[in-house]
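Below you'll find the structure, written out as structure tokens, and then a few comments.
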Amino acid sequence: MINIVATNTDFYICEKPAGLDFHDDEGHAGFFSLLKTQTNENLYPAHRLDKQTSGLILVTRNLAAEHAFNQMFLTHTIEKYYWAIAGNKPKQKQGRIIGDMEKSRNRAWKLNKSKNNPAKTFFYSYGLGDGHRLYLLRPYSGKTHQLRVALKSIGVAILGDDIYKGPAATQLHLHASCLKFNYQGQNFNYYLPPKQTNFQNISAQFIEDNQLNQPWLLNWPKL
Numbered sequence: 001m002i003n004i005v006a007t008n009t010d011f012y013i014c015e016k017p018a019g020l021d022f023h024d025d026e027g028h029a030g031f032f033s034l035l036k037t038q039t040n041e042n043l044y045p046a047h048r049l050d051k052q053t054s055g056l057i058l059v060t061r062n063l064a065a066e067h068a069f070n071q072m073f074l075t076h077t078i079e080k081y082y083w084a085i086a087g088n089k090p091k092q093k094q095g096r097i098i099g100d101m102e103k104s105r106n107r108a109w110k111l112n113k114s115k116n117n118p119a120k121t122f123f124y125s126y127g128l129g130d131g132h133r134l135y136l137l138r139p140y141s142g143k144t145h146q147l148r149v150a151l152k153s154i155g156v157a158i159l160g161d162d163i164y165k166g167p168a169a170t171q172l173h174l175h176a177s178c179l180k181f182n183y184q185g186q187n188f189n190y191y192l193p194p195k196q197t198n199f200q201n202i203s204a205q206f207i208e209d210n211q212l213n214q215p216w217l218l219n220w221p222k223l
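Going by the UniProt record's numbering, the first residue of the sequence shown is number 1, and it counts up by one from there.
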């Protein structure tokens, strides 16, 4: 059963588990089909998460809401925040990663130095004390594998990322933790930490940290 985190007359905020495709795949029901069956409603997707990524996802309940949220995603007025765990230490503990993305080999993408239609990612990182770091990520754009490619490009591939040669783990350590937006004049924000069993290096101290559960309050780098 899909975990519905919050219900609005125009949308649902749900938790997508890691390892579940958004759409049906090879005869297996995906997240979207499962949710439609569970709610017995006609639903409309506003955005997606990669199969291996867990976390918050917004699904609209009518065409008007779908159009409104599609525009909000296109104009970057919805703030999305993610957690990731990776090895190594970046040159900077916080910063931005900007560049055009190009298809590479074996289902992978790569980041170029050109900036014609760039992917834009902002990050903070926190030491976990075991050789790994927790990355708080804010994508400004929404491109395929954007966060995975961004961290790979600075030498810190995500744990469990077999496509981008991250350290071995039972799953990809990438989780959509927060959504924040204004809809019809009302402010909404949602926070859902990863299950600790899934993020083996996360302690309760980080899950309760205000910088992580209210990331919009941080002084993010400028574009």
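We put the beta carbon where it would ideally sit given N, CA and C, even for glycine.
What do you reckon, are the CB atoms on S203 and W83 nearer than 7 Å? no
Whose C-alpha, out of P90, T77, H28, F123, is nearest the C-alpha of R138? Closest by alpha carbon: F123.
Between the CA atoms of I97 and S125 - distance to the nearest angstrom: When rounded, the distance between both Cα atoms is 13 Å.
What does the alpha-carbon distance come out to for the pair T53 and I85? 12 Å
Continuous beta strand (DSSP E) stretch holding Q211: start and end: No beta strand (DSSP E) contains Q211, which is instead part of the alpha helix (DSSP H) from 210–213.
Span of the alpha helix (DSSP H) holding R148? 146–153
Proximity winner among F31, R61, Y44, E208, relative to K51 (alpha-carbon distances): Taking K51 as reference, the option from F31, R61, Y44, E208 with the minimal CA-CA separation is F31.
Between the Cα of S141 and those of K120, A18, G160, spot the shortest distance and give me the residue it belongs to. K120
Looking only at its chain, what residues have a beta carbon closer than 6 Å to the beta carbon of H145, apart from the 5 residues adjacent to it on each side? W109
How would you call T77, buried or exposed, if buried means at least 16 neighbouring beta carbons within 10 angstroms? exposed
In angstroms, rounded to a whole number, what distance separates the CA positions of R61 and V5? Those two C-alpha atoms are separated by around 15 Å.
Among N42, G160, F188, the one whose alpha carbon lies nearest that of A18: G160
A168 classed as buried or exposed, judged by whether at least 16 other C-beta atoms fall within 10 angstroms: exposed
Please name the residue, chosen from L192, F181, K165, Q186, that lies closest to H175 on a Cα-to-Cα basis. L192
In whole angstroms, what separates the C-alpha of D24 from that of P221? 38 Å
Taking 7 Å as the cut-off, decide whether the C-beta atoms of L58 and F22 are in contact. At a Cβ-Cβ threshold of 7 Å, L58 and F22 do not count as neighbours.
Quick check on this structure: which residue in D100, Y190, N106 has the alpha carbon closest to the alpha carbon of N112? D100
Considering N70, what are the terminal residues of the alpha helix (DSSP H) in which it resides? Unbroken alpha helix (DSSP H) run through N70: 63–74.
Going by alpha carbons, who is nearest to Y196 out of L43, E208, Y190, G185? Here the sequence assigns Gln to residue 196, which means Tyr is not the residue at that position. Measuring C-alpha to C-alpha distances from Q196 to each of L43, E208, Y190, G185 identifies E208 as the nearest.
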